[in-house]
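**Q** Protein chains in written order, with the working numbering: chain D, 1 to 201; chain S, 1 to 201. Note that beta-carbon positions come from the ideal geometry of N, C-alpha and C, so glycine has one too. Since the model is a prediction, treat every value here as computed from it, not as a measurement.
Protein chains: 2
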Amino acid sequence: MARTTGSHSQKTGPRVTQSAQRLFAQYGYAAVSMRQIAAEVGVQVGALYNYTPDKQSLLFTLMQEHMSGLLAAWKIHQGPENSTALRGLLAFVDCHLRYHLPRSEAVFIAYMELRNLTAENFDHIEKMRKSYEDALEAIIKKGMATGEFKVADSKIVTLAIIGMLKEVSTWYRPDGRLTEAALIERYQTMACQLVGAGAEP
Amino acid sequence: MARTTGSHSQKTGPRVTQSAQRLFAQYGYAAVSMRQIAAEVGVQVGALYNYTPDKQSLLFTLMQEHMSGLLAAWKIHQGPENSTALRGLLAFVDCHLRYHLPRSEAVFIAYMELRNLTAENFDHIEKMRKSYEDALEAIIKKGMATGEFKVADSKIVTLAIIGMLKEVSTWYRPDGRLTEAALIERYQTMACQLVGAGAEP
DNA sequence: GTCTATAAGTTGATAGAC
DNA sequence: GTCTATCAACTTATAGAC
C-alpha cells in the first residue's frame, strides 16, 4: 500500500473543508482567499484543487451539508405524526437548538453567505431553508386547527419563532451562564407564549 | 459663482454614499470594489477619494449613521420616563419597526458587515448596538419590578424580542400582505406575550 | 472636482515537474 | 497528491494634468 511521497489524501480533504469553514465564518467568503485556506491546511494553493473544483463549491458544500443535516435531524426528532401540536412545537425548539448551538461556524455561514452563492446554488439552499420553515408553520397550523394554539397569523408567528431561535446563535457560548438544557427550556416556554399555548405538559 | 468644469460637488458626495450603501447591501462589502461604486455614481475611481479617505470609512459612516439615527429615534419616541413598562414596550416595538422597515439596505449592512469593520470602528458600533439592547432590557426590568411583566430571565427575553424584531427585516416588503400598522400591532402583541403581560391597553 | 496613469500587490485557477 | 511557476485580471490608493 505504498503511497506517493507527500500523499495525505485521507487527511487533506476534510482539512480543506474544515479550514474553509473556519475562515469563511471568521472573515466572510469574499474576504478569504484560496491561499489563506491553503495556508491553514498546510499545503500550497494548487493542492486545494484536488479536493474542490473551485472556491464556490467549497461554500456550497458547506451550506448544503449544514442544511441537509438540519432537515435530517428534524426528520428523526419530530416523532410520530399523530402527536399533539404542542409536543411538536416543543420538539422543534429542542431540535433546532440542539442542532444549531454546537455548530456556530456553519450557522454563521448559512445565514451570512447566501448572497455569495451562484443563482442555482442559492435556489437549492433556499428550497431547503423554506422546507424547514414550512415544518414549523405546519405545527402552528395544526395547533390552530386543534384549538391548542391561539394564533392570529400563522405566518408571522412562524417567522417570529424562527427569528427568536436564530438570534440565539449570535451570542450563545457553551461556557455561558445557562446550560444548554436550561436554555432550551426557556425558549420552549417563550415559543408556547407566542402561540398562546398554556404551559409545558 | 462659476464652477470648474465637471464640478458637481453638491451632488456627487451623497451619490457616493448611496451607491456604496446599495452595492454593499446587495453584494457585501468585501465583494464590492471602489471601481464598481465609481461606475454606479458615474465617475472614475479617483474621484471617489474626494469624498472618502478610503473604503473602510465608507462602511463605517454608513453603519455609524444608521445606529445614530436609531438611537435618536428611540430618544424621541420613548416618551416620558414615568410611563408604564407596558407603554414603554409597545413604544419600543413601534419605534424599532418604523425605523427599520423603510431602511432595508442600511439594516442589512448593519447586521452583516460588522466583521469587516476595523477593530476600533467595530468597538464604536458595538457600543451603540449594546446601548440599544440595554434600552429594551431596562423596560423589561422595570416591568418585572412593577409586576406588569412576568419574566423568568430579563436577558433572554430581551434577546428573544430583539431577535424576533430583527428577523422582520429579512422578509418585509412595503407592498406585502400586511400594512406597516398591522404588522406593528402583531409584533406588539407578541412582545407582550413574551413578557407575560396581559393585552394591549 | 474629475480625469488618466500608475504603483504595488492580490486574486482564482491552471500546467507541468516530481 | 503536492509542488512551483505562471497567467490575466483585478485590487486599493495615489500623483499630477486639466
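Ignore the nearest five residues each way along the sequence and tell me which others in D/Met1's own chain have a CB closer than 7 Å to its CB.
**A** Against the first sequence, residue 1 of chain D aligns to sequence position 1. With a pLDDT of 39 at D/Met1, under the threshold of 50, the modelled position of that residue is not reliable, and no figure is offered here.
**Q** Does S/Gly6 come out as helix, strand or coil in the three-state DSSP assignment?
**A** Numbered from 1 along the second sequence, position 6 holds the residue referred to as residue 6 of chain S. For S/Gly6, the predicted structure reports a pLDDT of 47, less than 50, and the residue's modelled location is therefore unreliable. The matter cannot be settled from this model.
**Q** Give a yes or no on whether the minimum CB-CB distance between D/Asp134 and chain S is below 9 Å.
**A** As a position in the first sequence, residue 134 of chain D is number 134, starting the count at 1. No, its Cβ sits nowhere closer than 9 Å to a Cβ of chain S.
**Q** I want to see whether chain D comes within less than 9 Å of S/Leu58, judged by CB atoms only; does it?
**A** Within the second sequence, numbered from 1, the residue matching residue 58 of chain S stands at position 58. With 9 Å as the cut-off, S/Leu58 does not count as an interface residue toward chain D.
**Q** Return the chain-ordered ranges of every beta strand (DSSP E) run that is complete within the stretch 20-51 of chain S and spans a minimum of 3 residues.
**A** none
**Q** Taking the alpha-carbon of S/Val41 as reference, which of S/Met144, S/Ser19, S/Asn50 and S/Thr61 has the nearest alpha-carbon?
**A** Working through the second sequence from its first residue, we reach residue 41 of chain S at position 41. Closest by alpha carbon: S/Ser19.
**Q** Using a Cβ-Cβ cut-off of 9 Å, state whether S/Gly143 counts as contacting chain D.
**A** If you number the second sequence from 1, residue 143 of chain S lands on position 143. By this cut-off, S/Gly143 is not an interface position.
**Q** Between the alpha carbons of D/Glu148 and D/Ser83, how many angstroms are there, rounded?
**A** As a first step, residue 148 of chain D is located in the first sequence; it is residue number 148 there, counting from the start. As a first step, residue 83 of chain D is located in the first sequence; it is residue number 83 there, counting from the start. Straight-line Cα distance between these residues: approximately 12 Å.
**Q** Could you pull out every residue in the same chain whose Cβ sits closer than 6 Å to the Cβ of D/Leu89, ignoring the five residues on either side in sequence?
**A** Along the first sequence, one-based indexing puts residue 89 of chain D at 89. Result list for D/Leu89: Ile139 and Ala191, in chain order.
**Q** Decide if S/Ile76 is buried, meaning its Cβ has at least 16 other Cβ atoms within 10 Å, or exposed.
**A** By one-based count along the second sequence, residue 76 of chain S stands at place 76. With fewer than 16 other CB atoms across the displayed protein chains lying within 10 angstroms of its CB, S/Ile76 is exposed.
**Q** Closer than 7 Å by beta-carbon distance: list the chain S residues that pair up with D/Glu180, in chain order.
**A** Numbered from 1 along the first sequence, position 180 holds the residue referred to as residue 180 of chain D. Under the 7 Å cutoff, chain S gives no residues; its nearest Cβ is about 13 Å from D/Glu180.
**Q** Hey, would you say D/Trp74 sits closer than 9 Å to S/Leu159, going by beta carbons?
**A** The count along the first sequence starts at 1 and reaches residue 74 of chain D at position 74. The count along the second sequence starts at 1 and reaches residue 159 of chain S at position 159. Contact flag unset, no.
**Q** Beta-carbon of D/Asp153 versus every beta-carbon of chain S: anything under 9 Å?
**A** Numbered from its first residue, the first sequence carries residue 153 of chain D at position 153. At least one chain S Cβ lies under 9 Å of D/Asp153.
**Q** Shortest alpha-carbon distance to D/Lys141 belongs to which of D/Ser169, D/Arg103 and D/Leu86?
**A** The count along the first sequence starts at 1 and reaches residue 141 of chain D at position 141. Closest option to D/Lys141, Cα to Cα, is D/Leu86.
**Q** Is DSSP giving S/Tyr172 helix, strand or coil here?
**A** Reading the second sequence from its first residue, position 172 is the one you call residue 172 of chain S. Coil at S/Tyr172, not helix or strand.
**Q** Quick one: list the residues of chain D neighbouring S/Glu137, beta-carbon separation under 8 Å, in chain order.
**A** Looking up residue 137 of chain S in the second sequence gives position 137. By Cβ distance, chain D contributes nothing, its closest Cβ being about 13 Å from S/Glu137, past 8 Å.
**Q** Please state whether DSSP places S/Asn82 in a helix, a strand or coil.
**A** Along the second sequence, read from residue 1 onward, the residue named residue 82 of chain S stands at position 82. Coil, per DSSP.
**Q** Going by CA-CA distance only, name the one from D/Leu165, D/Tyr27, D/Gly28 and D/Leu58 that's closest to D/Arg253.
**A** Absent from the structure is residue 253 of chain D, since the part of chain D shown begins at 1 and ends at 201.
**Q** Kindly indicate the opening and closing residues of the alpha helix (DSSP H) around S/Phe122.
**A** Along the second sequence, read from residue 1 onward, the residue named residue 122 of chain S stands at position 122. Secondary structure note for S/Phe122: its alpha helix (DSSP H) is the uninterrupted segment Ala119 to Thr146.
**Q** Taking the beta carbon of S/Val195 as the centre, do at least 16 other beta carbons fall within 10 Å, making it buried, or is it exposed?
**A** Within the second sequence, residue 195 of chain S is the residue found at index 195, counting from 1. The residue in question, S/Val195, is buried, as its Cβ has 16 or more Cβ neighbours within 10 Å.
**Q** Distance cutoff 9 Å, beta carbons only. Does D/Glu167 sit that close to anything in chain S?
**A** On the first sequence, position 167 is the one that residue 167 of chain D refers to. Yes, contact with chain S.
**Q** Under three-state DSSP, which class holds S/Val195?
**A** Residue numbering aside, residue 195 of chain S sits at position 195 when the second sequence is read from its first letter. S/Val195 falls in the coil class under three-state DSSP.
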